[in-house]
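Residue numbers (my numbering), protein chains in the order written: chain A, 1309 to 1624; chain B, 1309 to 1624.
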C-alpha cells in the first residue's frame, strides 16, 4: 500500500508510558529515537506535555512532562528528518506550557480530548498553531460518542484552522466496518483535511483497523514498537511499517530496537492481548478495570474478571 | 454480525498439536470438548486422521491419528449438538482409514491439500461423502498459488460433489483486500457452495481476516482457544465468538477453558505473535524456519533471524 501522503507516528514512549508512569530510562528513549530516525518514521511522540501543577515528578517519569531540557538530553537539536510530537490532554495543560515552536525541540502538538472538551481542544490547538507548531486533535473514545455530539464536534473542527483530526479507538472496541463508517464521516465533515487513526489492540484488531483506515484515506497512522501501550497496547509499528510499501521506510531498525529494548520490557509489563482486555474491548469499556485486574494477584483468574464485568447476557 | 448460516469450527487440538506433536493429555482434550459443547461451537476438530503406516505413535500423540477408540475415551458417543471433525492430509491417509460414518464418532472429514493435489483431494473427499461424512476441502497456502492454477483447482471443485471449500492462509501472509478478492473468486467459481476461512496470525490479522471473510459471505470459520496453533497460531476462538451475535453462542465456557488449560500451556509453548513469525508472514513463507528459530536457543536474537531471511530490500 503506497501513498506518498501517508505519515507514520511512533507513540512507543507516550502510550507505553501509560503502563509504567513514563519511567523509561534515557537509553530506552534514545533507542526508540534512533530506530525511528533510521526506519524513516515521520513523527515520534516522546510523551505528554503537562506541568508539576497537575502531576508529581516523583510519581511520573520525565516523559509525562516532556520538559525541553529532558528531551534535548536525548535528541540534542534533533537535526534529523524525524519530527517530534508531544501530546497535550485537555484539562492537564496550560497555554504557558508551550514555548514558541521556534524555541522548542518539538514540531507538533497533538491535543487529546473527549467530545465534551472539543471547544477547549480547538482553542488549545489554535493557540499552538499560532505558536508555530503542527497540530492535530485526537478525539478519544469515539466508540462511546452519540452521533449528534460527534456531528457537533466535527462541525467545531470544520470551523477551525485545525488541519488534522484523529479517529481514536481508545477502548479497542471497534472493527473494520465501524472504522470505515467513521473515516467516511470525518472526511465528509472535513473535506481536504487530514484524518488520522489511533487504534488499540484489545480484540487483536489494531493493525487491521489501521489498514482499514488507510483504505479509507486516513493518512496519519499511529503505531508503537511491539504494540506497547495502555492495556492491550496499540498497532504494532513493525506490522504497519512492513505493510506500507513506501520505499522510504525500513523495518530492520525497528527489529533491532524491539530486540534490545521491547522484548526485555515485555518481561516486566503485561501489555498486549490478554482476556481481560478482550472483554473490555468487546464491552466497549475504559481499560482501567482490566488494567487493575492485570496488576493484581488475581491476574490469571480471568473467569472471575469475566463474571465481574459481564453482568447480563451480552456475551452470555 | 448475525447470519444463521454461519458455522464455527474449533481447531485447538488439531492445529495446536502442530506445536507439541499432539501430546495433549485426555484432560486437556476433554476440557476443550466440554467448552465447545457449552459454548455452542458447531464443530470441534479433534486432530488429524492418519495411520502408523505414515507416522510413529512414539513421536506423535493420539490426536495425530484420531483412532476411534482414543476419541471415544473423551467423548463417548458424543450425544451432543457439537459435531466432530477430523483432518486428512493428502498423501498421509488412505481410504481404508475411514469407517463408514454411521460407525464413526466423527461427523466430518476435512481434506487438506496443496493446489497440485486437488484431484486427489476431490477423490478422497467424494470417497468420504460416499461413506456418509460431511466433507470440506481445505486448499492450503493459497497465498503462493498462481492464478491459472487456482482457477483450475476451483474448476475441479466445481465439477465435484464437494459442498465446502476453504480459503486457507497457511502462512499468515494475507490482509483484508486479498481475503475479499479470494472470497469473491471462490464464490464466483462455486455458486451455492459454502466457502470457509482458516487464518494464521503472523501479522496479527487472523481475526480481522476472518471478519473480512464473514463480510464476504464465508460461512465456515475456524478458530482456536487463545489462538493456539502452528507458529503464530490461528484466529482466537474467543475473539470470533464474542464478535458473532448469534444468540446460540456463549463465551464464558471458552474463558474457563482458556484459564484452566490454555494459559498454563502458553507457559510451555511459544505460539502467537513473535517477530520471526511476523517476518515469515510478510515474506509469505512457510513457518518452518521461524518455528525452528523459536525453538532454538537463539530465539531472542530476532535481528539475526531477520538478516537470515530478508536477503534483499523487500523489508529493507
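Idealized CB from N, CA, C, for every residue including glycine.
Small disclaimer: the values here were computed from a predicted structure and weren't measured.
- Taken in chain order, the complete beta strand (DSSP E) segments of 3 or more residues contained in the region 1339-1392 of chain A are 1351-1356.
- Around the CB of residue 1538(B), 16 or more other CB atoms lie within 10 Å, so the residue is classed as buried.
- Cβ neighbours of residue 1507(B) within its own chain (closer than 6 Å, five residues either side excluded): 1477, 1514, 1517, 1518 and 1543.
- When DSSP states are grouped into helix, strand and coil, residue 1445(A) belongs to the strand group.
- Annotation for residue 1531(B): the continuous beta strand (DSSP E) segment containing it runs 1528-1531.
- Look at residue 1484(B): its C-beta is under 9 Å from a C-beta on chain A.
- Straight-line spacing of the CA atoms in residue 1512(A) and residue 1331(A) works out to 26 Å.
- Leaving aside the five residues that flank residue 1415(A) on each side, the residues in its chain whose CB is nearer than 8 Å to its CB run, in chain order, 1351, 1391, 1392, 1393, 1409, 1441 and 1442.
- Taking C-alpha positions only, residue 1471(A) is separated from residue 1534(A) by approximately 29 Å.
- Excluding sequence positions up to five before and after residue 1314(A), its CB lies within less than 6 Å of the CB of 1527, all in the same chain and listed in chain order.
- The alpha helix (DSSP H) runs of length 4 or more contained entirely in the region 1455-1526 of chain A are, from start to end of the chain, 1455-1467, 1484-1497 and 1514-1523.
- Put simply, the CB of residue 1563(B) is near chain A, with a gap under 9 Å to one of its CB atoms.
- When Cβ-Cβ separations below 9 Å define contact, residue 1344(A) makes no contact with chain B.
- In this structure the region 1607-1618 of chain B touches the region 1574-1594 of chain B; the number of beta carbon pairs closer than 8 Å is three or more.
- Annotated three-state conformation of residue 1316(B) is strand, per DSSP.
- Under the criterion of beta carbons closer than 8 Å, residue 1503(A) and residue 1458(A) do not qualify as touching, at roughly 13 Å.
- Within the region 1506-1517 of chain B, contact with chain A at the beta-carbon level (separation under 9 Å) is assigned to 1509, 1511, 1512, 1513, 1514, 1515, 1516 and 1517.
- Of the residues 1609(A), 1604(A) and 1549(A), the one whose Cα lies closest to the Cα of residue 1564(B) is 1609(A).
- Less than 9 Å separates the beta-carbon of residue 1380(A) from that of residue 1413(A).
- For residue 1544(B), the pairing in a beta bridge is given by DSSP as 1532(B).
- In this structure, DSSP gives residue 1420(B) an extended state, which the three-state scheme calls strand.
- Just so you know, the alpha carbons of residue 1333(B) and residue 1582(B) end up roughly 26 Å apart.
- Residue environment for residue 1463(A): exposed (fewer than 16 other C-beta atoms within 10 angstroms of its C-beta).
- Take the alpha-carbon of residue 1481(A) and the one of residue 1475(A): they are about 13 Å apart.
- The beta-carbon separation of residue 1359(A) and residue 1318(A), rounded to 24 Å, does not stay under the 8 Å limit for a contact.
- Residue pairing by DSSP places residue 1413(B) opposite no residue, since no beta bridge is assigned to it.
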